[in-house]
Amino acid sequence: MAIDARQIGEERQRKEIRDRWLLSAPALFLIVAASVGPLAIVVLYSFLAPGNYGDVKWAFSTEGWFNVFLSRDIFDGTVSLADAHFSIIWRSVKLAFITTLLCLIFGFPTAYFIATRTPHTRSLWLFLVTIPFWTNMLIRAFAIQEAIRSEGIVNTVLMTLGLISTPIQMLFTDFAVLLGMTYVFLPLMVLPLYASLEKLDFRLVEAGYDLYASRFGVLTRIVVPMVRPGIVAGSILVFVPALSSYVIPRVLGGGKALMIGNLIELQFGQGRNWPLGAALSVALVVVVLFVLLFYVRNTGKSGGGAHG
Amino acid sequence: MKNGERMTISRATAAHGGTIGLHGIKKRFGSFQAVDDVTLDIRSNEFFTLLGPSGCGKTTLLRMIAGFELPTEGRVLLDGADISGLLPNQRPVNTVFQNYALFPHLSVAENIGFGLKMLGRPKSEVGAVVADMLKLVHLEGRGDHPVTQLSGGQQQRVALARALAPRPKVLLLDEPLSALDLKLRKSMQIELKRLQAETGITFVFVTHDQEEALTMSDRIAVMSEGQVRQVGTAREIYDRPADRFVADFIGETNFLTGTVERTEGRRATLRLATGATITAGLPDTATPSGAVTLVIRPEHADLVTAGAGTMDGTLGDIVYFGTDTHYHVHLDDGTDFIVRRQNSRAGSEGDAPETGHRIGVRFSDNAAQILKD
């Protein structure tokens, strides 16, 4: 019986592809089970009616989504835009954006410093950058709260030195939230920036200086375009969790500096309006997706860092 | 590369190449002495080459002229003015880097115009110079291409154009041809000579390739272990090497030992270890006596029948090189001697020497040169 060699080859190829799918199966299972599945439940809940004591009634309702955008007066039933929701969403986007910017401003010099060390000392610096991850974020947030509260160490020192006569109100302000988020998310910016800078060909920097560029010229015209992939990756890694940040604004922002994460929590907790909470959650996912699409499209086009 | 097409740039021919003075330059990296007390004067409009094996300090010297490294001791002068303390972007000196270091995110034209743009020249001037430069390096119509899509030879020419565009007083070239294949390298050598002649800019060229140095340079400094061993024209260095290192590094050389019997002007009569008496040229700066080393280039010697030449020996390996053939002779006193003969089609196969046979080596009195040390 003649054996068709080509048929065997094709069979083997098919088996190889199947084996690779098997390799990725655990990750795919996790993604589906832990992300897509729950998200589907959230979408489903956003179209149900709220129960009296939390939970949901199994009846179709658009009330949740209605309440995301509009609010109905309790007494006369007139409908107006849900200003509170819009301002909180806008605040969240604004704070997340400023956090990303601050992380970039502080993270870039740090990453540049590490990337220009000798290979041996680089690993030590990277190790130091990752140390904050060893402590729970909640504990670090409380540590910041302790430092900046009215009777905290910062105010005490300033008052002892006679620089101020009354404590500065730092806790429960946007400043506190920004401080906390920048501190917590900084390593997420430094690490991808470092990965890009580490691959940067420093002969290009020399070529820039040789061709009469100033330090600033070399930075903006050579270094930044070359490490753009790292800047994009770092910004996404900071912006996305910052936007949906929950612990930091809760501990450092108090009840005044709410972010969308806290608003969602409120609906599932004291608000007892699960459909509204679910709808707000879906809205947050949509906002993140749009921001990411916008960001990737606008930074991908310039095609910088072909060697990145 | 298109031959025959000669571009002359009026702005370029008007340029005056700068002079470089290196005075007592030393550079130490930790405990490693990269450059050890180098003093050199590079003239205006000169094609000057720093030649030496890797690690001899030639690139470090070049980087100190560019300003990327500061000398531990000594001064760098440009047109007589001390530039030792200036930053690279303050020196009217540009570099062609070994692996070109083109900006991958910029187009060909943007790369070439980068220096002028950083100097704050108006857009119209940058555009005009870039167009001139594209012509000068035969890349017309490639201005908009990304540099990453160019071939090695084209990238090389962009790197040249980029360094020439700001009209530096001195152009530094750090082994710019080492990444190219042989044929492209040959044509780029001619191209570089043409560019140097047309622009009138002083070129300081670093290479470890002695053939490249000999064919291109007005003058060559041969370096070894951080020191300059000899400075001179290609002919001076090849024909009258100062010391054993230079003689060995440049071209192929036979070393013989002998004893000086008497000197007469710049020539000496000496007795070789083999017993023969010959005359040889003395080095430029010294008059050695007693036991000396002398060098004879393989092409300055010839094979004759045993007993008819200066020395006798046994013929060893015969290596065919296309244009010529190398004959390795084991002389009777134990040293090895190479004779190079040019191959000619008319050459009769009948009298071809054979391995293992007794053979004589003959060379003219002018062929031998005594070394300083």
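Which chain is which? The protein sequence lines are A and B, in order.
Taking this note's numbering, I'd label the letters of the first sequence as residues 1 to 308.
Taking this note's numbering, I'd label the letters of the second sequence as residues 309 to 681.
Here a beta-carbon is modelled for each residue, glycine too, at the ideal position from N, C-alpha and C.
Taking the beta strand (DSSP E) that residue i falls in, what are its first and last residues?
| i | result |
| --- | --- |
| Val437/B | It is not in any beta strand (DSSP E) - Val437/B instead sits in the alpha helix (DSSP H) that spans 431–444. |
| Lys57/A | 56–60 |
| Phe142/A | Here Phe142/A belongs to no beta strand (DSSP E); instead the alpha helix (DSSP H) covers 137–148. |
| Asp625/B | 619–628 |
| Leu479/B | 478–482 |
| Glu569/B | 562–572 |
| Asn402/B | 401–404 |
| Gln538/B | 535–540 |
Taking the straight line between their C-alpha atoms, what separation do you get for residue i and residue j?
| i | j | result |
| --- | --- | --- |
| His324/B | Ile498/B | 21 Å |
| Val43/A | Thr99/A | 29 Å |
| Ala469/B | Leu503/B | 10 Å |
| Gly435/B | Asp452/B | 12 Å |
| Arg20/A | Val514/B | 51 Å |
| Glu16/A | Leu22/A | 10 Å |
| Gly658/B | Ser652/B | Caution applies to Gly658/B, whose pLDDT of 49 falls short of 50 and renders its modelled position unreliable; the value that the coordinates give is listed next. Looking at the two C-alpha atoms, the distance is approximately 14 Å. |
| Gly461/B | Val416/B | 13 Å |
| Ser656/B | Thr561/B | Model confidence at Ser656/B stands at a pLDDT of 49, short of 50, so the residue's coordinates are unreliable and nothing is read from them. |
| Met137/A | Tyr246/A | 11 Å |
| Leu488/B | Leu370/B | 21 Å |
| Val286/A | Phe106/A | 29 Å |
| Gly617/B | Thr567/B | 19 Å |
| Ala143/A | Ile131/A | 15 Å |
| Ile528/B | Gly230/A | 46 Å |
Under the three-state reduction of DSSP, which class applies to residue i: helix, strand or coil?
| i | result |
| --- | --- |
| His636/B | strand |
| Pro38/A | helix |
| Thr99/A | helix |
| Thr118/A | coil |
| Met259/A | coil |
| Arg272/A | coil |
| Gln464/B | helix |
| Lys335/B | strand |
| Ser459/B | coil |
| Pro361/B | coil |
| Asn353/B | coil |
| Gln341/B | strand |
At what residues does the alpha helix (DSSP H) containing residue i begin and finish?
| i | result |
| --- | --- |
| Met181/A | 174–199 |
| Leu237/A | 228–243 |
| Phe216/A | 215–218 |
| Gly254/A | First-last for Gly254/A: undefined, no H or E at that position. |
| Pro26/A | 5–31 |
| Phe557/B | 552–557 |
| Leu370/B | 366–374 |
| Ile528/B | Note, Ile528/B: premise wrong, no alpha helix (DSSP H); beta strand (DSSP E) at 527–532. |
| Gly64/A | 63–69 |
| Asp210/A | 202–210 |
| Glu520/B | 518–524 |
Assign residue i to one of two classes, buried (16 or more other C-beta atoms within 10 Å of its C-beta) or exposed (fewer than that).
| i | result |
| --- | --- |
| Pro109/A | exposed |
| Tyr53/A | exposed |
| Glu569/B | exposed |
| Ser281/A | buried |
| Ile457/B | First, the residue type needs correcting, since residue 457/B is Gln and not Ile in the sequence shown. Looking at its Cβ environment, which holds fewer than 16 other Cβ atoms inside 10 Å, Gln457/B is exposed. |
| Arg351/B | exposed |
| Phe405/B | buried |
| Arg91/A | buried |
| Gly674/B | Just to set this straight, residue 674/B is Asn in the shown sequence, not Gly. Exposed, because fewer than 16 other Cβ atoms sit within 10 Å of the Cβ of Asn674/B. |
| Ser24/A | exposed |
| Pro549/B | buried |
| Asn298/A | exposed |
So does residue i have its beta carbon nearer than 7 Å to some heavy atom of the ligand NAP?
| i | result |
| --- | --- |
| Asp547/B | Questions concerning the ligand NAP fall outside what the structure shown contains, since it holds no ligand whatsoever. |
By Cβ distance below 8 Å, which residues in the same chain neighbour residue i in space, the five residues on each side in sequence not counted?
| i | result |
| --- | --- |
| Gly421/B | Val434, Gly435, Val437, Val438, Ala473 |
| Leu81/A | Phe69, Leu70, Ser71 |
Go through its chain and collect everything with a Cβ distance to residue i's Cβ below 6 Å, but skip five positions before and after it.
| i | result |
| --- | --- |
| Arg574/B | Leu590 |
| Ser532/B | Gly360, Cys364, Phe553 |
| Thr593/B | none |
| Leu485/B | Arg493, Met496 |
| Pro167/A | Ser150, Asn155 |
| Ile604/B | Asn562, Phe671, Ala675, Ala676 |
| Val612/B | Gly668, Arg670 |
| Gly277/A | Ile264, Gln267, Phe268 |
Counting only the same chain and skipping the five closest in sequence on each side, list residues whose C-beta sits under 7 Å from that of residue i.
| i | result |
| --- | --- |
| Ala49/A | Val56, Lys57, Ala59, Ser61, Glu63, Pro275 |
| Val177/A | Leu95, Ile248, Pro249, Leu252, Gly253, Ala257 |
| Ser318/B | With a pLDDT of 38 at Ser318/B, under the threshold of 50, the modelled position of that residue is not reliable, and no figure is offered here. |
| Ile114/A | Arg122, Trp125, Leu126, Tyr194 |
Spell out whether any CB of chain C is found under 8 Å from the CB atom of residue i.
| i | result |
| --- | --- |
| Arg203/A | Protein chains A and B are contained in the structure displayed, whereas chain C is not. |
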